[in-house]
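K.L.:
First the structure, which I've put down as structure tokens, then a few questions once you've had a look.
Structural data, given as structure tokens:
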């Protein structure tokens, strides 16, 4: 039973790592230059601090997920892993939320602040950022599943001999 | 027989942790030696401390989240400026900034309101209902009813406590409001988005106070969850404090 638990968590954590790496890489490679009305406009992830935070947070999530596969279940380190899982989950959720807010302003604008939406001008950049957000959401969801599964294993020791 | 009675006393102890009622420990160690009684009293003191800490943390978390929601909800500022001069008459226009003009701030207020009401509700339930078993039962049922309405996965949904979910909700609300606040303060040159904080100074500062308060609330709720999980660690099937 412990072997099955280890296998399932290893597979889920690899999925988290993969999705996090995909999110970070897609965000980093989002770059577009366009010109409208003679003004040149360049859109890059590093121009927005929220996007930089997104990249850093998902890079941390990727490294963390890979490192945690090496922890043996049942040792004291596994209790610490449950705690740090929650903290990293909150970090990823915060990154996705912050990026979502900026992406919403970029797509819909904010007329009260006089901010025009930029998506009609840099459409490929917008699609790139949307893709990164989707990968981030998938990573967050699977991380959430891992937390629930770990809690399930801890709370019912007969099931998974944790 | 003996070990079942000792297990009962341990569960009685843990159920009293958030309740603060007079524990009936004097009845429990019936066959205890004087040395055992001393360690039991220390144990009782330690648990009383944990209970007090839990209540203090919960009130602090409730206070900070309610303050954050209230400050952001009442956050509005307007000023009038001359926009054009027609002939000799100046044309004035009022510019307002309200929290509901930004979806991120609306989500922030809602998330903080949910967290604040949850904390207040749990505090009130644990204080008002003196019978400790019904108190924990009511809180557990509240958890389960709300969770089962909102979570689709059922095999382990009972094990993730509502407090954790609400803490994550609060964290996302605070993060999204912080990113919008940063955008409002610094603007984004490349997207031609001008900062608004120079025109709406007190709107920005009040929003900043609300966001900081919400972040403190998140930290308090994290500490609360950890403490409550550690206190209930030997009761594996009831996770929602």
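Residue numbers (UniProt numbering), protein chains in the order written: chain Z, 1 to 162; chain S, 1 to 241. C-beta atoms are modelled at their ideal positions from N, C-alpha and C, and glycine is treated no differently. Since this is a predicted model, take the numbers as computed values, not measurements.
#1: Straight-line CA distance for residue 211/S to residue 45/S?
#2: Roughly how many whole angstroms lie between the Cα atoms of residue 94/Z and residue 174/S?
#3: For residue 188/S, write down the residues that DSSP places opposite it in a beta bridge.
#4: Near residue 220/S, what residues of its chain come up, given a Cβ to Cβ distance below 8 Å and the 5 sequence neighbours on each side ignored?
#5: Mind reading off the beta-carbon distance from residue 50/S to residue 231/S? Whole number of angstroms is fine, and I expect it under 8 Å.
#6: Just to make sure I have the definition right: I need the residues of chain S whose C-beta is within less than 7 Å of the C-beta of residue 100/Z. Which are they?
#7: Exposed or buried, which one is residue 167/S when buried takes at least 16 other CB atoms within 10 Å?
#8: Helix, strand or coil for residue 122/Z, going by three-state DSSP, please let me know.
#9: Would you report the Cα separation of residue 119/S and residue 127/Z, rounded to the nearest angstrom?
#10: Thinking C-alpha only, which one of 193/S, 217/S and 224/S is nearest residue 109/Z?
#11: Given that a residue counts as buried once 16 or more other Cβ atoms are within 10 Å of its Cβ, and exposed if not, what is residue 38/S?
#12: Run through chain S and tell me which residues come within less than 8 Å of residue 56/Z, C-beta to C-beta.
#13: Between the region 29-37 of chain Z and the region 95-115 of chain Z, can you find at least three pairs of beta-carbon atoms closer than 8 Å?
#14: Based on the DSSP secondary-structure assignment, which residues constitute the bridge partners of residue 77/S?
#15: For the candidate residues 12/Z, 133/Z and 49/Z, whose alpha-carbon lies nearest to that of residue 65/Z?
#16: Nearest chain Z C-beta to residue 58/S closer than 8 Å, yes or no?
#17: Can you have a look at residue 40/Z and say buried or exposed, based on whether 16 or more other CB atoms are within 10 angstroms of its CB?
#18: Go through its chain and collect everything with a Cβ distance to residue 103/Z's Cβ below 6 Å, but skip five positions before and after it.
#19: Which residues bound the alpha helix (DSSP H) around residue 199/S?
#20: Run through DSSP, which three-state label would residue 27/Z get?
P.N.:
Straight from the coordinates:
#1: Position 211 of the second chain holds residue 211/S. Position 45 of the second chain holds residue 45/S. The straight-line gap from Cα to Cα measures roughly 37 Å.
#2: Translated into the one-based positions of the first chain, residue 94/Z becomes position 94. Translated into the one-based positions of the second chain, residue 174/S becomes position 174. Taking the straight line joining both Cα atoms gives about 8 Å.
#3: Counting from 1 along the second chain, the entry for residue 188/S is found at position 188. Under DSSP, residue 188/S takes part in a beta bridge, and its partners are 193/S.
#4: Your numbering for residue 220/S matches position 220 in the second chain. Once the five neighbours on either side are set aside, the close Cβ partners of residue 220/S are 57, 60, 61 and 64.
#5: Here the question's residue 50/S lines up with position 50 in the second chain. Here the question's residue 231/S lines up with position 231 in the second chain. Correct: roughly 6 Å between the Cβ atoms.
#6: Numbered from 1 along the first chain, position 100 holds the residue referred to as residue 100/Z. Within 7 Å Cβ-Cβ: 176.
#7: The residue labelled residue 167/S in the question sits at position 167 within the second chain. Buried, by the Cβ-count rule.
#8: As a first step, residue 122/Z is located in the first chain; it is residue number 122 there, counting from the start. In the structure shown, the three-state DSSP call for residue 122/Z is coil.
#9: What you label residue 119/S is simply residue 119 of the second chain in a count that begins at 1. What you label residue 127/Z is simply residue 127 of the first chain in a count that begins at 1. One C-alpha to the other measures close to 40 Å.
#10: For the purposes of this step, residue 109/Z is identified with residue 109 of the first chain, where counting begins at 1. Selection 193/S, 217/S and 224/S evaluated against residue 109/Z yields 193/S as nearest (Cα-Cα).
#11: Here the question's residue 38/S lines up with position 38 in the second chain. Around the CB of residue 38/S, fewer than 16 other CB atoms lie within 10 Å, so the residue is classed as exposed.
#12: Taking the first residue of the first chain as 1, we reach residue 56/Z at position 56. Simply none; closest approach about 13 Å.
#13: No: fewer than three Cβ pairs fall under 8 Å.
#14: The residue you call residue 77/S lines up with position 77 of the second chain. In DSSP, residue 77/S forms a bridge with 97/S.
#15: In the first chain, residue 65/Z corresponds to position 65, counting from 1. The shortest Cα separation from residue 65/Z among 12/Z, 133/Z and 49/Z belongs to 12/Z.
#16: If you number the second chain from 1, residue 58/S lands on position 58. Look at residue 58/S: its C-beta is not under 8 Å from any C-beta on chain Z.
#17: Taking the first chain and counting its residues from 1, the one referred to as residue 40/Z is at position 40. The residue in question, residue 40/Z, is exposed, as its Cβ has fewer than 16 Cβ neighbours within 10 Å.
#18: On the first chain, position 103 is the one that residue 103/Z refers to. Hits under 6 Å: 129.
#19: Start at 1 with the first residue of the second chain, and residue 199/S comes out as number 199. The continuous stretches of alpha helix (DSSP H) do not include residue 199/S, and DSSP gives it neither H nor E.
#20: Indexing the first chain from 1 puts residue 27/Z at position 27. Three-state result, residue 27/Z: helix.
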